[in-house]
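Working notes for the structure below.
Residue numbers (the working numbering): 1097 to 1210.
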């Protein structure tokens, strides 16, 4: 699993929103992480796909730049919103498949030898 690449730090929420919207329109998925509030409000902007990091920096410096790789950001965000639920369901199923037979075996052993 690759770590997202850091792109920029923003101290103004409106500037951050404009940058994210510009990158979204260019097909570059981003993630924002709120930084420590000790020095005031600030946010760190990351690209979700490392291959798009250089293009993201270029787009922020020159909005006319066209990225080499574009994705459907809306579809990516929708998939990410449901990905955790599917992972949780898969994990619960695995635990259930393992836990039930083990529990049944323990009950049988207790019944048989107790």
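Even glycine gets a Cβ: it sits at the ideal position worked out from N, Cα and C.
Inset, instruction - Leaving out five residues on either side along the sequence, give the residues of the same chain with a beta carbon under 7 Å from the beta carbon of residue 1164. - result: For this step, residue 1164 is matched to residue 68 along the chain shown. Excluding positions up to five away in sequence, the list reads 1151.
Inset, instruction - Count the C-beta pairs between the region 1107-1114 and the region 1131-1140 that are closer than 8 Å, then say yes if the count reaches three, no if not. - result: yes
Inset, instruction - For residue 1128, collect the residues of the same chain with a Cβ closer than 8 Å to its Cβ; drop the 5 residues on either side in sequence, then sort them by chain order. - result: Taking the chain shown and counting its residues from 1, the one referred to as residue 1128 is at position 32. So the qualifying residues of the chain are 1112, 1116, 1139, 1140, 1141 and 1142.
Inset, instruction - With DSSP as the reference, label residue 1142 as helix, strand or coil. - result: In the chain shown, residue 1142 corresponds to position 46, counting from 1. Three-state DSSP puts residue 1142 in a strand.
Inset, instruction - Would you list, in sequence order, the uninterrupted beta strand (DSSP E) runs of no fewer than 3 residues that lie entirely inside the region 1104-1170? - result: 1126-1130 and 1139-1143
Inset, instruction - Would you mind working out which of 1193, 1148 and 1194 sits nearest residue 1101, comparing C-alpha positions? - result: Translated into positions along the chain shown, residue 1101 becomes position 5. Measuring from the Cα of residue 1101, the nearest candidate turns out to be 1148.
Inset, instruction - Measure the alpha-carbon distance for residue 1099 versus residue 1145 and round it to whole angstroms. - result: Here residue 1099 corresponds to residue number 3 of the chain shown, with the count starting at 1. Here residue 1145 corresponds to residue number 49 of the chain shown, with the count starting at 1. Roughly 9 Å separates the two Cα atoms.
Inset, instruction - Measure the CB-CB distance between residue 1122 and residue 1182 and report whether it falls below 8 Å. - result: Here residue 1122 refers to the residue found at position 26 of the chain shown. Here residue 1182 refers to the residue found at position 86 of the chain shown. It is not a contact, given that the beta carbons lie outside the stated cut-off.
Inset, instruction - For residue 1190, count neighbouring Cβ atoms within 10 angstroms of its own Cβ and tell me buried if that reaches 16, exposed if not. - result: One-based indexing of the chain shown puts residue 1190 at position 94. Exposed, because fewer than 16 other Cβ atoms sit within 10 Å of the Cβ of residue 1190.
Legend entry - Beta-carbon separation (whole angstroms), residue 1199 vs residue 1155, contact threshold 8 Å: Sequence index remark: in the chain shown, residue 1199 carries index 103 (1-based). Sequence index remark: in the chain shown, residue 1155 carries index 59 (1-based). Not really, about 55 Å apart at Cβ, beyond 8 Å.
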